[in-house]
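What follows is a set of notes on a single structure, which appears directly below.
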């Protein structure tokens, strides 16, 4: 998430009422979760195990719970509770606003687009031209939809990421303030759910077609011309490259990359990166021919064991 | 389900127009399905195989299709079709009422709660304070939601339990007249479905966090501070104890208990009780390390068999 | 899809502006996808591999990209791009029409049926008597619902089939212009999605009961008195015969027939026809007892291998 203008380190520190290390006027352009930080961003870290990762990330301002040595060209915000202060900051810059009407007055809808009854379009949503948004679709604030996009009934775009931190008193939620970005010529089936990025974007690439009841979690990036069949679940922070085909009921865990042109057979469970151009099957998924060989072997076991006995 | 006042056995018998065994003024406080009966309840039974279970249950009034010996301190309602008469009784006391507006005039919403557009809130629903109910959520009659609860778009609370009896002419449905009860600080993702109890409650405990497209069936009780990932399906009459973690696309059959602190890996299928504090994997699920050992063994089979051949 | 009246071959050719082979007045009654063609129908074919299938199908008019020999009693429409021209034709006869109100003025709802708030009922939809349509249900144009049907909240009936053809520039969609037909006494849970037929019908038979979050794809026909548990996914063009029971999270691929009375255990993956009256389990599904035997064998492997070593 980028701010609407550049803030000074002093301004940010005063919003949070915390001490800081760095020049008063050190520039702060935005804030992001560690996966998607850029120069000018604030990142937060509250566990010594991850201090180095945060301090060495692209982020130039680190919201941290210990006054460590400040890396060259960076600044620190010293907080007793970086997680909570990060939330306070995102709520300050992007507060949740209730909407009283089906289509927010700050949303825009392009020429030739059809919005069917009972669709909710939140604040600052942008919808391109020649789209069809079918009934009972919900589009949360700040989502961006391209041209010639079709979204079927009951689908939800931009719900909060499932991102919780275990604390002694229970789970604390990291606010979701990112977006869902749908590129041109995408079609999304009925009853799908696509979460917004926690601070960045969840993206569906040009010409990708998604069947019904597909779940796509926060910050996942799906390439162009992919085909995703019904009831597939894709966890957060994944990269699905172009022209990937995923058959029904497949599950993909978080933080993996699925190479270009990969095909994943139905009901597979993917727990690691998959190499471009290959075909996978099984839970956990391996190359399909390997899985088929294993299955054939298991089926032949009774006879094999019979033989061995003799 | 408890009645709004105590009825006499004679009153109930006259609603159903059936004979009875017991004192005219024998007190009747409510009616419940066999899993959740208490003293003062009516229970029904229509198969000799289950007579004893019903007669020995906590229920003090038994709606039964044979005039059996009445246990001490209990009463009988003699019916040709206890299943249908039980439905007639629940329809009498808790009839389905259409609602003409998005938010029923008999629903209550606490201070600071935000109800987004296109939300349906049925009759007698109670929502606490500081909740956010996102667009296109449907909350059926009589559901109860605590404070600081977030429910994402398109989610359905309180749909009927999937409870049918096979009869010669087809499936007969047992009316669902229970509730969904959501405790404080729960968050429920988008596109979830949580059925009401058939006569009792389906409960989601304090601080539990549920991801998108999760299905929870009738009468299941979920403990405090559980984490349930996307596309999990939990069948009816289950007990999920506190601090259980269930990863994506897991399925859990009905009538099992998942012990405190259990972790279930993605795509597992659970068919039996799981012991507290352990980690499970596979379909059917077993202890994860056992499953991993089995998987490693199967993968090593080709080489092993090669060796044996030699 | 049948047209509202009989057209002449010349009329159809002039709509598409293409040459034709056959009598000017050759009768054209409708248009259908190859799976469901009848006499009087137009079928399209654009790959030489499938020419014979199309020419020998029940369809009497073939929209084709080469002037082949015209079979006796049939006619040809010669098109440079049969796929696109088929879409142009279906859009001509059944254009998508936006609806400005929740319940289209051309929809009909029978006596005693209850339509809850926020339900969308599209153009020309027919709903029988004594139905309950719960909140936030979306019913697309032309769907047909019988009597005594219950549809739970958030369910979508009649979304487009997931039917795309890969072309050099990306995926082209075959327009969905068929219907969903729900027979009497069916109950459908919350959050289900049932796609319309591409040109024909997706049908749910008399008395069938469907749990929450079930996905049924285009042109699938489900028999009478089936029981389908939660989160089942059934692909397109399937035939599920009467009295089939499918447990939770099962997936069924397209173009298979599930015989009468079959039972499929939870989380199975079905990739082929299943024989009537049998019980199946596993992914891929085989007869349950066979699967149980295989599972027992795999579990006993460590001990067996130990023995062999000795």
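Residue numbers (my numbering), protein chains in the order written: chain L, 253 to 562; chain E, 253 to 562; chain W, 253 to 562.
Ideal placement from N, C-alpha and C gives every residue a C-beta, glycine not left out.
Taking C-beta atoms as the reference points, residue 527 of chain E and residue 511 of chain E count as a pair closer than 8 Å. Under the DSSP assignment, residue 260 of chain W falls outside any alpha helix (DSSP H), being part of the beta strand (DSSP E) whose first and last residues are 254 to 260. Short of 7 Å from the beta carbon of residue 364 of chain E, and not among the five residues preceding or following it, lie these beta carbons of its own chain, in chain order: 381, 382.
Pairing residue 488 of chain L with residue 518 of chain L gives a Cβ-Cβ distance that is not under 8 Å.
In the three-state scheme derived from DSSP, where H, G and I count as helix and E and B as strand, residue 545 of chain W is classed as helix. Pairwise C-beta distances place the segment 454 to 463 of chain E in contact with the segment 418 to 437 of chain E, as three or more of them are shorter than 8 Å. Residue state for residue 327 of chain L is assigned as strand, using DSSP reduced to three classes. Counting only runs of at least 4 residues, the segment 283 to 340 of chain E fully encloses the following alpha helix (DSSP H) elements, listed from N- to C-terminal order: 300 to 307. For residue 387 of chain L against residue 405 of chain L, the beta-carbon gap comes to about 5 Å, under 8 Å, which counts as contact. With a cutoff of 8 Å on beta-carbon distance, residue 408 of chain W and residue 443 of chain L are scored as near each other.
In terms of Cα proximity to residue 259 of chain L, the closest of L:286, L:379, L:354, L:277 is L:277. Nearest C-alpha to residue 379 of chain W among W:370, W:553, W:396: W:396. Any Cβ of chain E closer than 8 Å to the Cβ of residue 556 of chain L would place that residue at the interface, and such an atom is present.
DSSP places residue 342 of chain L within a helical segment (H, G or I) once states are collapsed to three. Residues of the segment 367 to 389 of chain L with a C-beta atom less than 7 Å from some C-beta of chain E are 370, 372, 388, listed in chain order.
At a cut-off of 8 Å between beta carbons, residue 409 of chain W makes no contact with chain E.
In the structure shown, residue 558 of chain W adopts helical secondary structure according to DSSP, grouped into three states. Cβ contact annotation for residue 351 of chain E (same chain, cutoff 7 Å, sequence separation greater than five): 374, 375, in chain order. When C-alpha distances from residue 314 of chain W are compared across W:320, W:322, W:323, W:328, the shortest belongs to W:328.
Taking C-beta atoms as the reference points, residue 292 of chain L and residue 279 of chain L count as a pair closer than 8 Å. A Cβ-Cβ distance of about 6 Å is found for the pair residue 560 of chain W and residue 560 of chain E, placing them in contact under the 8 Å criterion. Residue 439 of chain E belongs to the set of residues whose beta carbon lies under 8 Å from a beta carbon in chain L. In this structure, DSSP gives residue 349 of chain W a state outside helix and strand, which the three-state scheme calls coil. The continuous beta strand (DSSP E) containing residue 455 of chain W extends over residues 453 to 456. Take the alpha-carbon of residue 445 of chain L and the one of residue 540 of chain L: they are about 28 Å apart.
Judged by their CB atoms, residue 465 of chain W and residue 465 of chain L are nearer to each other than the 8 Å cut-off. Only buried fits residue 393 of chain W, as 16 or more other CB atoms lie within 10 angstroms of its CB.
Secondary structure of residue 263 of chain E (DSSP, three-state): helix. Residue 543 of chain L does not reach chain W, its nearest Cβ partner there being about 11 Å away, counting only Cβ pairs nearer than 7 Å.
The beta-carbon of residue 529 of chain E is placed no less than 8 Å from the nearest beta-carbon of chain L.
With contacts defined as CB atoms closer than 8 Å, residue 267 of chain L and residue 297 of chain L fail to qualify as a contacting pair.
Residues of chain W whose Cβ lies closer than 8 Å to the Cβ of residue 560 of chain L are, in chain order, 560. Per the coordinates, the alpha-carbon of residue 254 of chain L lies some 27 Å from the alpha-carbon of residue 353 of chain L. Along the segment 428 to 512 of chain L, the beta strand (DSSP E) occurs as fully enclosed runs of 3 or more residues at 431 to 434, 445 to 447, 453 to 456, listed in sequence order. Residues of chain L with a Cβ closer than 9 Å to the Cβ of residue 481 of chain W do not exist; the shortest Cβ-Cβ separation is about 14 Å.
By the rule that beta-carbons nearer than 8 Å mark a contact, residue 464 of chain L touches chain W.
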